[in-house]
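The sequence shown begins at 1 in UniProt numbering and counts up by one.
A virtual CB, placed ideally from N, CA and C, is assigned to each residue, including glycine.
Note that this is a predicted model, so its numbers are computed, not measured.
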Amino acid sequence: MVADRPVGVDIERRFTPQLAAELESSIISPAEKTALLRSGLPFPLALTLAFSAKESGFKAWSSHALALPGFHSARIVALTAQQVHLRFTASFSVQLADFTLQINHLIKDDFVITCTCPPREA
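Right, dumping it as structure tokens:
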């Protein structure tokens, strides 16, 4: 079956504590770190989910994106047991600024999988 709209899917190996420390500032802001810490998940796992969720969101909405938006053009506003809530900024897309996207996630062994698709009316 072929999807009738864009789909964003990403699979990542869990970050090690060392890799999480190295990548943190390039992936999230201090406010996003607070949201990740509130989740109760180990920080390296939460950061892996944030990275993967941003990748999925960017893939699903790439047709609306400005050139080379970067990881700070979307903000993690919440991380729950099953979803990441991601809000786009104007540096991702003026059209999608302040749009909040729910991205589903699955944690399986050493991997995280995130997926989303835009609503039919975007």
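1) Quick one: measure Cβ to Cβ for PHE114 and ASP10, integer angstroms, because I've assumed they're closer than 8 Å.
2) State the Cα-Cα distance for the pair PHE71 and GLY40, rounded to the nearest angstrom.
3) Per DSSP, what kind of secondary structure is ILE76 in: helix, strand or coil?
4) Do you know offhand how far VAL84's Cα is from THR16's?
5) Can you give me the C-alpha to C-alpha distance between GLN18 and ASP98, rounded to a whole angstrom?
6) Of the residues PRO118, ASN104, ASP110, GLY8, which one's Cα is nearest the Cα of GLU55?
7) Residues in the same chain with beta-carbon distance under 7 Å from ALA122, minus the five sequence neighbours each way, listed in chain order, please.
8) So for LEU41, helix, strand or coil by DSSP?
9) Look at SER93 and PRO6 and say whether their C-beta atoms are less than 9 Å apart.
10) CA-CA distance, THR116 and ARG75?
11) Just to confirm my understanding: we take THR27, look at its own chain, exclude 5 residues before and 5 after, and list those with CB closer than 8 Å. What are they?
12) Can you tell me whether GLN102 is helix, strand or coil according to DSSP?
Judging by the given coordinates:
1) With the sequence shown as reference, residue 114 is identified as Thr, and Phe is not the correct amino acid for it. Between THR114 and ASP10 a beta carbon distance of about 5 Å is seen, short of the 8 Å cut, so the two are scored as contacting.
2) Between PHE71 and GLY40, the C-alpha separation is close to 23 Å.
3) In the three-state DSSP reduction, ILE76 falls in the strand class (E or B).
4) Between VAL84 and THR16, the C-alpha separation is close to 20 Å.
5) Their backbone Cα atoms lie some 32 Å apart in a straight line.
6) Selected option, being the one with the closest Cα: GLY8.
7) Bear in mind that a pLDDT of 48 at ALA122, under 50, signals an unreliable position, so the number given afterwards is only what the model happens to contain. Closer than 7 Å at the Cβ level, and outside the excluded window around ALA122, lies no residue.
8) In the structure shown, LEU41 falls within a coil segment according to DSSP collapsed to helix, strand and coil.
9) Remark: C-beta atoms of SER93 and PRO6 do not approach each other more closely than 9 Å.
10) Going from the Cα of THR116 to the Cα of ARG75 covers about 16 Å.
11) One point to set straight first is that residue 27 is Ile, not Thr, in the sequence displayed. Around ILE27, the same chain offers LEU47, ALA50, PHE51, LYS54, PHE71 as residues with beta carbons nearer than 8 Å, after the five sequence neighbours per side are excluded.
12) GLN102 falls in the strand class under three-state DSSP.
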